[in-house]
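Remarks on the structure that follows.
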Amino acid sequence: MTNLKEDKCMIAYYSRAGNNYVSGKIVNLPVGNTKVVADMIREITGGDVFSIDPVQSYPKDYSATTNVAKKELNENARPELSSHVENMESYNVIFLGYPNWWGTMPMPVFTFLDKYDFSGKIIVPFCTHEGSGLGHSEKDIAKLCPKATLLKGLDIHGSRVSAAKKDVTNWLSKIGMTE
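Residue numbers (the working numbering): 340 to 518.
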């Protein structure tokens with residue numbers, strides 16, 4: 340496989356801090372699980388980081404957030420984002436991170452994928468979850484970005500993110516992002 344480390348990469352992710360479901364209970368996370376993994380990838384690859392943030396924040400309460408997320412999914416919503424990548428054309432590899440919500444990505448990630456032309460780019464998904472892995476998110480990415488190359492994604496159980504650096508490093512090595 341080609342060494343992708345020479346390509347300019349971005350780690351774009353959506354993460355939710357605060358009230359979250361972890362190991363069967365609701366806990367308060369000072370940093371969202373997906374951000375923890377995104378920071379590991381940044382540390383290893385040296386890539387630039389972009390946080391995918393909706394203009395309208397989700398409710399603080401976990402159950403209320405899941406209700407909003409389900410409604411957005413059912414409506415195929417595209418929540419407006421609070422910021423945009425100014426130089427997307429300069430990136431060849433996009434690491435795309437998100438928690439698994441209702442079997443796929445949160446709808447702000449769909450908005451992100453709709454906003455830019457990913458033709459000829461490499462998209463590398465990574466996902467945090469509480470038991471459902473990547474769900475059908477890889478199929479959704481392939482459908483939204485048919486002219487991009489989609490590499491095998493990594494899913495990490497939310498309760499394990501703090502101990503996942505070895506898994507992240509091994510995955511990056513397998514896909515050609517490390518020496």
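We put the beta carbon where it would ideally sit given N, CA and C, even for glycine. All values derive from a computational prediction rather than experimental measurement.
Trp441 by DSSP, collapsed to three states: which one? Note: Trp441 maps to coil in three-state DSSP.
Give the C-beta separation of Ala416 and Met444 to the nearest angstrom, bearing in mind that I take them to be a contact with Cβ-Cβ under 8 Å. Ala416 to Met444, Cβ: 12 Å. No contact.
Beta carbon of Glu411 nearer than 9 Å to that of Val394: Against a cut-off of 9 Å, the Cβ pair of Val394 and Glu411 comes out as no contact.
Which word fits Thr488, buried or exposed, when buried means at least 16 other C-beta atoms lie within 10 angstroms of its C-beta? The residue is exposed, with fewer than 16 neighbouring Cβ atoms inside 10 Å.
Flag this pair as yes or no: are the beta carbons of Leu473 and Cys466 separated by less than 9 Å? For Leu473 and Cys466, yes; Cβs fall inside 9 Å.
Excluding sequence positions up to five away, which residues of its chain have a Cβ less than 6 Å from the Cβ of Thr384? Cys348, Met516.
Coil, strand or helix - Asn415 by DSSP: Asn415 falls in the coil class under three-state DSSP.
Nonlocal neighbours in the same chain, by C-beta distance under 7 Å from Lys409, ignoring five residues either side: Excluding residues within five positions, the ones whose Cβ falls inside 7 Å are Trp441.
Of the residues Arg355, Glu425, Lys482, Lys460, which one's Cα is nearest the Cα of Thr404? The residue with the shortest Cα to Cα distance from Thr404 is Arg355.
Counted within 10 angstroms of its Cβ, other Cβ atoms place His423 as buried (16 or more) or exposed: By the beta-carbon neighbour count (other beta carbons within 10 angstroms, threshold 16), His423 is exposed.
Chain-order list of residues whose beta-carbon lies under 6 Å from that of Gly371 (same chain, five-residue window excluded): Non-local beta-carbon contacts of Gly371 in its own chain, meaning distances under 6 Å to residues more than five positions away in sequence, involve Ser354, Arg355, Ala356 in chain order.
Do Val375 and Ser498 have their C-beta atoms closer together than 9 Å? The beta carbons of Val375 and Ser498 sit no closer together than 9 Å.
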